[in-house]
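What follows is a set of notes on a single structure, which appears directly below.
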Amino acid sequence: MTVLAMRPVTPGMECPDAEIVRRVRGGDVDAYRSLVERYHGRCLRYAVRMLDNRADAEEVVQDAFTKAYRYLGSYRERDAFAAWLMQILVNEVRTAAVRRRRDDRALVSLDDASELTAPRGADAESVTDVQQALGRLDPSHREAIVLKYVDGRTYEDMAVITGLRVSALKMRVKRARAHLEALLEEWTDD
Amino acid sequence: MTEERWSWIERELRRDPPVDPASIDRVMRQVRAVEPRTPAWASFMRWVVRPRAVMLSPMHAAGALAVAAIAIVISMAALGHPSPDGASRGAAVRPSGLARRDVQFLLVAPDAKRVSVVGDFNDWNPDAVQLRRTAAGVWSAVVALTPGRHVYSFVIDGSKWVPDASAPRAPEDEYGQSNSVAFVESGS
Amino acid sequence: MRRTAALLIFAALRAAPAQNARIDSLFAPPVRAELNAVLAGAAADRLPSEPLVQRALEGARRGVEPARVVSAVRAFADRLRIARSALGPASTDAELVAGAGVLYAGADRTTLERLRRVEPRRDLALPLIVMADIIERGVPRDTATSVIIALGEAHVRDVDYQLLRQSIVLDIGSGATPAAAAAARARGILLNPPGPRPPR
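Residue numbers (the numbering used here), protein chains in the order written: chain E, 27 to 216; chain V, -18 to 169; chain C, 6 to 205.
Following this line, the structure appears as structure tokens:
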């Protein structure tokens, strides 16, 4: 299994992240575009896989870039901008997921204690694609497996981004993978 | 499941969503709407204290931190003492001599080199209250707090701010992160 | 020009010196002025100022840009004002700050008013802290409000609010939806005979 390579270098745009950040901090807002162009695709891919909704994902990615811009004053150059941005995005996605679960629910009366388990969508339906299977995973497992296999992160990177230990992350990925495999075992593609 | 099957799943996972070139424009439009910084930004920042929040250097990643935090509020009534300075802080009328209660702050962080607790009881100063480490990687400090609601956070290795996972959360997150709440009952 | 000078002196006299020292050491003059103006306004309205000062200091320590600190402190003062108006002038500082938190979490002043009506003689800080926390963890605002008001009507003890919060957190951790966890746990508490009434 190969880990995804570092971001491809775009010809003519090899200015390091830290240099761009310095320019933006100096007042050159337009320079920020280079960072957005560099990381937007990767961020969107992560958000789409996590939220399974293109519009939500776009909004969350937009918010993450905006937050990163707003807090550029606290970013320290010796840290990797990409990892810092990713931390912001992971948190934005987590918040969006909570917010979405909140909004989905109308007023619940005190008599309504029926659903005590979380899965969206009936378990009875079989899974017909990988994204659907992802949607069945516990959010923390989904996060780990998307960071690992969609975003192609090393466990060390993931530890920085999520604040969890490598051992905890490995466990989550292992469980997520087992769950994913179980869901997709039945499905043969034609 | 065969390795081949799993590789197929991986390839599916890695498929890129279609690119929308207008997305970048939308991001930049939102970014530009953020309060513009004045040229005096640089001199503002010189005045503002900057021990930073939340960021972990990838160089520390090998010692990635486990942060399962517990705050236990215990009242050790024997050590309560009156706090005359409580009356001079803040404009509200407050009965004098409100006895402080001892509160224990705990954080599990075996890979941390130093941990402090910051909050509205020590001006959020990371140098004010250092936690002491026990053998099991549990860090602890006892602080005398006036009765009422306090907000706090932990600071690991001088730069990473983490809330207390099991304590109530203060919802205010304009600064990028919410704090934890310690509620101290008054003695009766 | 003289009138402006007089106003500035008046404003300076009203600001408490102890707080100024801490703000002064961490913020540049233009920001200091804005923060002190907010504090002066709060003092004039008899709002607790220490929480506002602390919020400013926190912003400085976190490296937040000054404009954001000023707006956060200003918004906090506004919420304190509303909390005070809803919870009543005899409210403790803890009640006001906890109320401000619940307002930030998206509840409105009528929630605070209802809670005060239901428990006129009780310190509401802990119920409000619990309400804000469960909303933060995903319980819909309306559900959280219903739950806390119901507990208030039953005059349950402080320990019951703490129990409620901890149980909800555990249930969510086990995979329950926040709304269902809140409803179920509240019912559990209400079905048990309440303990002795809180003092006051």
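In this text, a Cβ means the ideal position worked out from N, Cα and C, and glycines have one as well. These numbers were taken from a predicted model, which means no experiment stands behind them.
In the assembly as shown, S30/C is an exposed residue. Its beta-carbon has fewer than 16 other beta-carbons within 10 Å.
Per DSSP, the continuous alpha helix (DSSP H) segment holding F81/C begins and ends at P71 to L92. Boundaries of the alpha helix (DSSP H) around H167/E: P165 to I171.
Using a CB distance cut-off of 8 Å, V47/E does not count as an interface residue toward chain C. For V98/V, the secondary structure class from DSSP, reduced to helix, strand or coil, is strand.
Taking 8 Å as the threshold, the shortest C-beta distance from G68/C to chain E falls below it. W110/E has its alpha-carbon roughly 11 Å from the corresponding atom of N117/E.
Under the criterion of beta carbons closer than 8 Å, V15/V and F91/E do not qualify as touching, at roughly 10 Å. Between Y181/E and V192/E, the CB-CB gap stays under 8 Å. Under the 10 Å beta carbon count, T127/V is surrounded by 16 or more other beta carbons and is classified as buried. A residue is called buried when at least 16 other Cβ atoms come within 10 angstroms of its Cβ; T115/V does not meet this threshold and is exposed. P2/V and G67/E have their C-alpha atoms roughly 10 Å apart. Rounded to whole angstroms, the gap between the alpha carbons of M76/E and P35/C is 43 Å. Looking at the backbone, the Cα of R81/V and that of A159/C are separated by about 30 Å. Distance from the Cα of L117/C is smallest, within the candidate group G157/C, R79/C and V78/C, for G157/C.
Between the alpha carbons of W(-11)/V and H167/E lies a distance of about 20 Å. For R130/V, the nearest beta carbon of chain E is not closer than 8 Å to its own beta carbon. Distance between V144/C and V107/C, taken at the CA atoms: about 13 Å. Each of P107/V, Y156/V and D(-3)/V was checked against the Cα of D138/V, and the nearest Cα belongs to P107/V. According to the DSSP assignment, S60/E belongs to the alpha helix (DSSP H) that extends over Y58 to L77. Between the C-alpha atoms of I153/C and R142/C there is a straight-line separation of about 15 Å. Secondary structure note for K174/E: it is in no alpha helix (DSSP H), with a DSSP letter that is neither H nor E. Cα atoms of N160/V and V132/V: separation of roughly 6 Å, rounded to the nearest angstrom.
Taking 8 Å as the Cβ-Cβ cut-off, the region 116 to 141 of chain C approaches chain V at A130, L131, I134, V135, A137, D138, I140 and E141, given in chain order. For D147/C, the enclosing alpha helix (DSSP H) has its first and last residue at R146 to E158.
Judged by DSSP in its simplified three-state form, V107/C adopts helix. By the rule that beta-carbons nearer than 8 Å mark a contact, R96/E touches chain V. I140/C and R84/C have their C-alpha atoms roughly 17 Å apart. Looking at the DSSP output, F91/E sits in no beta bridge, so it has no partner there. A distance below 6 Å between beta-carbons, with the five flanking residues on each side excluded, links Q111/V to the following residues of its chain, in chain order: S97.
At a Cβ-Cβ threshold of 8 Å, V87/E and A73/E count as neighbours.
Taking every protein chain shown into account, the CB of P94/C has fewer than 16 other CB atoms within 10 angstroms, so this residue is exposed.
Taken atom to atom, the span from the alpha-carbon of V12/V to that of R96/E is near 8 Å.
Sequence-ordered contacts of the region 141 to 161 of chain C with chain E read G143, P145, D147, T148, S151 and A155 [C-beta pairs closer than 7 Å].
With contacts defined by Cβ atoms closer than 8 Å, V99/V and S134/V form a contacting pair.
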